[in-house]
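S.K.: Here the protein sequences come in this chain order: A and B. Per my numbering, the very first residue in the first sequence carries number 1; after that it's consecutive. Per my numbering, the very first residue in the second sequence carries number 1001; after that it's consecutive. All C-beta atoms, glycine included, are put in the ideal place defined by N, C-alpha and C. Computed from a predicted model, the values in this text were never measured in an experiment.
There are 2 protein chains.
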Amino acid sequence: MVRPSKKTQIPNLQEAIKETAWKQIAETGAAALSLRAIARELKITAPAIYNYFPDRDALVTALIIDAYTSFGDYQIIARDAQAEDDLAGQLQAIGLAYRQWALEYPQRYQLIFGTPIPGYQAPIMEVLPSAARSLSAPVSVIDQLRIANRLNAEGFPAVQPGYEQMFDVWRSFAGNYDIFSLSVAMLIWSRVHGLVSLEIANDMPPFGVDGDALYMYELKSTINQFIKR
Amino acid sequence: MVRPSKKTQIPNLQEAIKETAWKQIAETGAAALSLRAIARELKITAPAIYNYFPDRDALVTALIIDAYTSFGDYQIIARDAQAEDDLAGQLQAIGLAYRQWALEYPQRYQLIFGTPIPGYQAPIMEVLPSAARSLSAPVSVIDQLRIANRLNAEGFPAVQPGYEQMFDVWRSFAGNYDIFSLSVAMLIWSRVHGLVSLEIANDMPPFGVDGDALYMYELKSTINQFIKR
DNA sequence: TTAAGTTTATAAACACTGTATATTTACACT
DNA sequence: AGTGTAAATATACAGTGTTTATAAACTTAA
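(1) Out of A/Phe180, A/Ala201, A/Ala174, A/Gln144, point me to the one whose CA is closest to A/Val159's CA.
(2) Cα-Cα, which of B/Arg1036, B/Ala1185, B/Tyr1163 is closest to B/Asn1152?
(3) Quick one: what does DSSP say A/Ile227 is sitting in, helix, strand or coil?
(4) Please confirm if the region 194–205 of chain A is in contact with the region 160–167 of chain A, defined as three or more CB-CB distances below 8 Å between the two stretches.
(5) Tell me which residues share the same chain as A/Gln107 and place their Cβ nearer than 7 Å to its Cβ, disregarding the 5 neighbours each side in the sequence.
(6) With 7 Å as the threshold, decide whether the Cβ of A/Asp210 is near any Cβ in chain B.
(7) My understanding is that B/Gly1095 touches B/Ser1136, with C-beta atoms under 8 Å, so please give their C-beta distance in whole angstroms.
(8) Please confirm if B/Met1166 has its CB atom under 7 Å from at least one CB of chain A.
(9) The alpha helix (DSSP H) with B/Leu1096 in it runs from where to where?
(10) Along the alpha helix (DSSP H) that carries B/Asp1210, what are the first and last residues, could you check?
(11) Which chain B residues are close to A/Met204, counting only those with a beta carbon under 9 Å from its beta carbon?
(12) With 7 Å set as the bound, which would you pick, yes or no: does the beta-carbon of B/Pro1138 sit closer than that to a beta-carbon of chain A?
(13) Can you list, in chain order, the residues of its chain with a C-beta nearer than 7 Å to that of A/Leu182? Leave out the 5 residues immediately preceding and following it.
(14) Please classify B/Pro1116 as buried or exposed, where buried requires at least 16 neighbouring CB atoms within 10 angstroms.
(15) In the DSSP output, what is A/Val159 paired with across the bridge?
(16) Since A/Gly208 contacts B/Gly1194 with CB under 8 Å, what's their CB separation in whole angstroms?
(17) Closest Cβ-Cβ distance between B/Ala1021 and chain A: below 7 Å?
(18) Helix, strand or coil, according to DSSP, for A/Leu219 in the structure here?
(19) Is the beta carbon of A/Leu145 sitting closer than 7 Å to the one on A/Leu87?
(20) Quick check: is the beta carbon of B/Ser1172 nearer than 7 Å to any beta carbon in chain A?
(21) Assuming the contact rule is C-beta atoms closer than 8 Å, B/Gln1110 and B/Ala1093 should be a hit. Round their C-beta distance to whole Å, please.
(22) Please tell me whether B/Leu1198 has its Cβ less than 7 Å away from any Cβ of chain A.
(23) Tell me the DSSP secondary structure of A/Leu135 in three-state form.
(24) Shorter than 7 Å from the beta carbon of A/Phe207 to some beta carbon of chain B?
(25) Step through the CB atoms of chain A and report whether any lies within less than 7 Å of the CB of B/Gln1160.
(26) If you measure between the beta carbons of A/Ala132 and A/Phe71, is that distance less than 7 Å?
(27) Should A/Thr61 be flagged as near chain B, meaning a C-beta pair shorter than 7 Å?
(28) According to DSSP, is A/Leu33 part of a helix, a strand, or is it coil?
(29) Cutting at 6 Å between CB atoms, please list the residues of its own chain near A/Leu214, excluding the five before and the five after it.
(30) Is B/Lys1007 helix, strand or coil when you go by DSSP?
(31) Relative to the C-alpha of A/Pro205, which residue among B/Pro1206, B/Trp1189, B/Met1204 is closest?
(32) Where in the region 40–94 of chain A do unbroken runs of the alpha helix (DSSP H), each at least 4 residues long, occur, reported from the N-terminal end onward?
(33) Closer than 7 Å, CB to CB, is A/Ala232 near chain B or not?
(34) Considering only their Cβ atoms, is the gap separating B/Ala1078 from B/Ala1097 smaller than 7 Å?
(35) Would you list the one or two residues that DSSP bridges to A/Lys151?
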């Protein structure tokens, strides 16, 4: 038997491969991702996967793009559930959604921001669209704050010249915001990322403060710092 | 030939294995760590390593402990180079040292805080001594601030009961500080970790602000927030 | 209808990896 | 001198990603 007839074939094998990959990542962690294990579960042979993904890294990239997309959606939905003029409320909602998504899909979060696949380096240009969009929710709010003159970022380091072209590409995926707003958003992002990634990776000493309360404290500190009055 | 005579043996093979591991990690990244590659370079066979480390994970744990120790030393030295009564200066020096160490040894930083080894989970109880000590520098300064009534952490979430025993163990390695100071230090740690880890992993959009300046801005923001006046 | 060409899978093999087992030899101690 | 232990090798197993050759199923066109 060399090729199953169309009736016994799996329809949309490309999607099936990704779904099985996610399933195994959820069960055994992103580090244990294995083409052969995926093939085994789908009852095909490992090299068959190469018809749909040129190599393992390409599959990982596809997974990362899907994860970024889900992550971005999650934050955008949280933002849009708030009153349109309540920018502080929007920023807080986005921050809470950020952590909620990460706690719900810790493996996906690690796949994006950790380095669970040995030797894998995400190709920036392929990932940029979904990655840019995943950061667009906080940037949009901060840009509105800036326009309303309510952004408190005195002394924030100036943006360096020379990146205009790169930024234009980014803008084409994330929305037409000011580069200064992006910079401030990146710093705020680094704060929530710091707390969430330590929490997920279990790198914090296992005693002390409730995770929800600590995160809320940090979120409020940040909002107080960057939003005027 | 089954066992080389003592003259041709490598003295202190245990150390040599670790050194070679570090060398290869620095060259090709922590993810590419391979017992067989280490053995090849030392001109021994791979199973010989098992005389010194029960398995690959044990070697990784030993490397992590060494890294934590180096990391902790680095911060303690930076703190002690400041005037004894300049607590804000000490905290800033520790923060700068934190990033400096991470940029000098990005692979070691990733080995500690990332998950570059598939399936590896650090055994808390083995790592705790060096890990606790690596956090002791900021904790010590914050505890002094607290004692001097200069710590500004109103509304900081209360420490939960039930972890007293764990905390006592931690204290035996890191020093006799208050658990509240540890909690605040953890939050500050998460901030520097967020920024540094994104910078090292190259996860930030590649445009905008100078890394040194951004880090300094965040450090000053944090010091302003947590130190009274 | 038949022939040619393309798609999509398998089979087999290669070069790796960590690890377990058995074996052999060098050394230390009685 | 003999015995026991320690430290290495040799060999083998199961797993990995990937390459190459091959064959069957499907598509298209003469």
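M.R.: In short, the structure shows the following:
(1) Taking the first sequence and counting its residues from 1, the one referred to as residue 159 of chain A is at position 159. Of the residues A/Phe180, A/Ala201, A/Ala174, A/Gln144, the one whose Cα lies closest to the Cα of A/Val159 is A/Phe180.
(2) Within the second sequence, the letter at position 152 stands for residue 1152 of chain B. Out of B/Arg1036, B/Ala1185, B/Tyr1163, the CA that lies nearest to the CA of B/Asn1152 is found in B/Ala1185.
(3) Taking the first sequence and counting its residues from 1, one reaches residue 227 of chain A at position 227. In this structure, A/Ile227 counts as strand in the three-state DSSP scheme.
(4) Contact check between the region 194–205 of chain A and the region 160–167 of chain A: fewer than three CB pairs, one atom from each, fall below 8 Å, which does not count as touching.
(5) Along the first sequence, read from residue 1 onward, the residue named residue 107 of chain A stands at position 107. Hits under 7 Å: Ile25, Ala26, Gly29, Ala30.
(6) Taking the first residue of the first sequence as 1, we reach residue 210 of chain A at position 210. It does: the Cβ of A/Asp210 has a partner Cβ on chain B nearer than 7 Å.
(7) In the second sequence, counting from the first residue as 1, residue 1095 of chain B sits at position 95. In the second sequence, counting from the first residue as 1, residue 1136 of chain B sits at position 136. Contact doesn't hold; Cβ gap of about 15 Å is too wide.
(8) What you label residue 1166 of chain B is simply residue 166 of the second sequence in a count that begins at 1. Closer than 7 Å: yes.
(9) Within the second sequence, the letter at position 96 stands for residue 1096 of chain B. Annotation: the continuous alpha helix (DSSP H) that includes B/Leu1096 extends over 1087–1104.
(10) The residue given as residue 1210 of chain B occupies position 210 in the second sequence. In the DSSP assignment, B/Asp1210 falls outside any alpha helix (DSSP H), carrying neither H nor E.
(11) Numbered from 1 along the first sequence, position 204 holds the residue referred to as residue 204 of chain A. Those are Met1186, Trp1189, Ser1190, listed as they occur along chain B.
(12) Your numbering for residue 1138 of chain B matches position 138 in the second sequence. With 7 Å as the cut-off, B/Pro1138 does not count as an interface residue toward chain A.
(13) Walking along the first sequence from the start, residue 182 of chain A turns up at place 182. Within the same chain, A/Leu182 has close Cβ partners Val139.
(14) Here residue 1116 of chain B refers to the residue found at position 116 of the second sequence. With 16 or more other Cβ atoms within 10 Å, it is buried.
(15) Mapped onto the first sequence, residue 159 of chain A falls at position 159. Under DSSP, A/Val159 takes part in a beta bridge, and its partners are B/Val1209.
(16) In the first sequence, counting from the first residue as 1, residue 208 of chain A sits at position 208. In the second sequence, counting from the first residue as 1, residue 1194 of chain B sits at position 194. Rounded to whole angstroms, the Cβ separation of A/Gly208 and B/Gly1194 is 18 Å, and the two are not in contact under 8 Å.
(17) Residue mapping note: residue 1021 of chain B aligns to position 21 of the second sequence, counting from 1. B/Ala1021 does not count as touching chain A.
(18) The residue you call residue 219 of chain A lines up with position 219 of the first sequence. Note: A/Leu219 maps to helix in three-state DSSP.
(19) Residue numbering aside, residue 145 of chain A sits at position 145 when the first sequence is read from its first letter. Residue numbering aside, residue 87 of chain A sits at position 87 when the first sequence is read from its first letter. Cβ distance < 7 Å, so A/Leu145 and A/Leu87 count as in contact.
(20) In the second sequence, the residue the question calls residue 1172 of chain B occupies position 172. Not an interface residue.
(21) Your numbering for residue 1110 of chain B matches position 110 in the second sequence. Your numbering for residue 1093 of chain B matches position 93 in the second sequence. The pair is not a contact, with the Cβ atoms about 24 Å apart (cut-off 8 Å).
(22) Indexing the second sequence from 1 puts residue 1198 of chain B at position 198. Cβ-Cβ to chain A under 7 Å: yes for B/Leu1198.
(23) Residue numbering aside, residue 135 of chain A sits at position 135 when the first sequence is read from its first letter. Coil.
(24) Reading the first sequence from its first residue, position 207 is the one you call residue 207 of chain A. Using beta-carbon distances, A/Phe207 counts as an interface residue toward chain B, with a partner under 7 Å.
(25) In the second sequence, residue 1160 of chain B corresponds to position 160, counting from 1. Answer yes: the Cβ-Cβ gap between B/Gln1160 and chain A drops below 7 Å somewhere.
(26) For the purposes of this step, residue 132 of chain A is taken as residue 132 along the first sequence, with counting starting at 1. For the purposes of this step, residue 71 of chain A is taken as residue 71 along the first sequence, with counting starting at 1. At a Cβ-Cβ threshold of 7 Å, A/Ala132 and A/Phe71 do not count as neighbours.
(27) Stepping through the first sequence from its first residue, residue 61 of chain A is reached at position 61. Output row for A/Thr61: interface = no.
(28) Residue numbering aside, residue 33 of chain A sits at position 33 when the first sequence is read from its first letter. Note: A/Leu33 maps to coil in three-state DSSP.
(29) Locating residue 214 of chain A in the first sequence gives position 214, where the first residue counts as 1. For A/Leu214, where only same-chain residues beyond five positions count, there are no Cβ hits under 6 Å.
(30) Translated into positions along the second sequence, residue 1007 of chain B becomes position 7. Bear in mind that a pLDDT of 49 at B/Lys1007, under 50, signals an unreliable position, so the model cannot answer this.
(31) One-based indexing of the first sequence puts residue 205 of chain A at position 205. Among B/Pro1206, B/Trp1189, B/Met1204, the Cα nearest to that of A/Pro205 belongs to B/Trp1189.
(32) Fully contained in the region 40–94 of chain A are the following alpha helix (DSSP H) runs of length 4 or more, in chain order: 56–80.
(33) Examination of residue 232 of chain A is not possible in this model, given that chain A is present from 1 through 229 alone.
(34) Numbered from 1 along the second sequence, position 97 holds the residue referred to as residue 1097 of chain B. Numbered from 1 along the second sequence, position 78 holds the residue referred to as residue 1078 of chain B. The criterion of a C-beta distance shorter than 7 Å is satisfied by B/Ala1097 and B/Ala1078.
(35) By one-based count along the first sequence, residue 151 of chain A stands at place 151. Just to set this straight, residue 151 of chain A is Leu in the shown sequence, not Lys. DSSP output for A/Leu151 lists A/Ile227 as bridge partner(s).
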